[in-house]
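Numbering (the working numbering), first residue to last: 4 to 195.
Structure below.
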């Protein structure tokens, strides 16, 4: 069985209890990562959205001014995760701002430079070749925009990743808090 197929199977089988197990852990990363950002008028991509914890967090915690006129596209490889996300949308305000797409981070079905804010929380370490996935995300990332990646610390060669990203982004900041299991990487491009 291929690595990708085993990942799909694993996430499909854990979709029903994923939130119970990971919601608190994921929300800690969101609090640290999103503290200085507004999503107003952004076209957002959430790569590896899972059950929609990030979308739910944003729509429930950001005030209306901060998310005014934003569009949120969420992709995941697991159909069962997306179905859980779809169930949550029924209860969320501003749900019309969110689109769900079954897609592979390594082969995103979007045109170049489509999104000016991209998130990927705890997804890239699952890819067979995470550099390929990062290049694909950079392809759809706008010339002016923000990119937030988190990767499990135990599965990461941080120096290698930073060396890979530095020539591809304008500004790069690494947040490595010991009380969070992921390393957070904040990237920014601000010049056209």
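For every residue, glycine included, the Cβ atom is placed at its ideal position computed from N, Cα and C.
Residue i, DSSP secondary structure in three states
i, result
"residue 58", "helix"
"residue 125", "coil"
"residue 130", "coil"
"residue 79", "strand"
"residue 64", "helix"
"residue 49", "strand"
"residue 139", "helix"
"residue 159", "coil"
"residue 95", "coil"
Own chain partners of residue i with C-beta closer than 8 angstroms, once the 5 adjacent residues on each side are dropped
i, result
"residue 80", "7, 10, 11, 14, 51, 105, 106, 107 and 108"
"residue 98", "62 and 92"
"residue 30", "56 and 60"
Where the beta strand (DSSP E) containing residue i begins and where it ends
i, result
"residue 153", "144–155"
Residues that DSSP places opposite residue i in a beta bridge
i, result
"residue 188", "152 and 177"
"residue 166", "In the DSSP output, where bridge partners are listed per residue, residue 166 has none listed."
"residue 108", "In DSSP, residue 108 forms no bridge with anything."
"residue 101", "75"
"residue 120", "47 and 149"
Element boundaries [alpha helix (DSSP H), containing residue i]
i, result
"residue 86", "82–92"
"residue 27", "21–36"
"residue 199", "Outside the displayed span of the chain (4 to 195) sits residue 199, for which this structure offers no information."
"residue 6", "6–17"
Distance between residue j and residue i (C-alpha atoms, nearest Å)
i, j, result
"residue 161", "residue 96", "38 angstroms"
"residue 187", "residue 32", "8 angstroms"
"residue 164", "residue 16", "30 angstroms"
"residue 183", "residue 124", "12 angstroms"
"residue 158", "residue 100", "33 angstroms"
"residue 181", "residue 121", "24 angstroms"
Beta-carbon proximity list for residue i, same chain, < 6 angstroms, skipping 5 on both sides
i, result
"residue 129", "10"
"residue 136", "108, 109, 127 and 130"
Sequence-distant residues of its chain with Cβ nearer than 7 angstroms to residue i (five each side left out)
i, result
"residue 126", "50, 51 and 108"
"residue 134", "167"
"residue 22", "54 and 56"
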